[in-house]
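For reference, the structure discussed in these notes is given below.
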Amino acid sequence: MTEYWVSQGNKWCDFCKIYIANNSFSIRTHELGKRHKDNVTKRLSTMQKESETKEKEQQQAARALQQIEAKAKKSYQKDLENNQRNVDGDTSAAPGDGCVWLY
Numbered sequence: 001m002t003e004y005w006v007s008q009g010n011k012w013c014d015f016c017k018i019y020i021a022n023n024s025f026s027i028r029t030h031e032l033g034k035r036h037k038d039n040v041t042k043r044l045s046t047m048q049k050e051s052e053t054k055e056k057e058q059q060q061a062a063r064a065l066q067q068i069e070a071k072a073k074k075s076y077q078k079d080l081e082n083n084q085r086n087v088d089g090d091t092s093a094a095p096g097d098g099c100v101w102l103y
């Protein structure tokens with residue numbers, strides 16, 4: 001039996017967006033190169049900035065929700081107080097007491 005040629009294919013570098021030969025020497029040479037190292041550094045700094053931005057947005061959203069909940073609670077308490085005053089004072093409006101009802 002004779003051996004026949006088989007393609008090894010290429011390896012894609014996500015950092016550099018290029019194909020390199022799929023053998024250990026080419027891969028090692030590429031990964032030790034300046035261009036690859038610079039691209040890795042750029043990618044890591046970009047990921048860190050995106051993470052910080054996302055975290056700030058989440059904190060702002062949490063603060064906004066807390067403010068909304070505080071205002072809603074304050075409004076609810078005010079409504080309860082008004083309702084309690086109406087019940088205590090028995091100032092319920094009934095037909096014929098001078099209040100105008102709109103339908």
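Sequential numbering of the sequence shown, starting at 1, is according to UniProt numbering. Each residue gets a CB set at the ideal place from its N, CA and C atoms; glycine is no exception.
Under the DSSP definition of a beta bridge, Ala21 partners with Asn10. C-alpha of Asn10 to C-alpha of Ile20: approximately 6 Å in a straight line.
The way I'd put it, the region 29-43 doesn't touch the region 52-61; fewer than three beta-carbon pairs between them come closer than 8 Å. Glu31 and Tyr4 have their C-alpha atoms spaced approximately 30 Å apart.
DSSP places Val100 outside both helix and strand once states are collapsed to three, so it counts as coil.
Annotation for Trp12: Tyr19 place their beta carbon closer than 6 Å to its own, counting only its chain and skipping 5 residues before and after.
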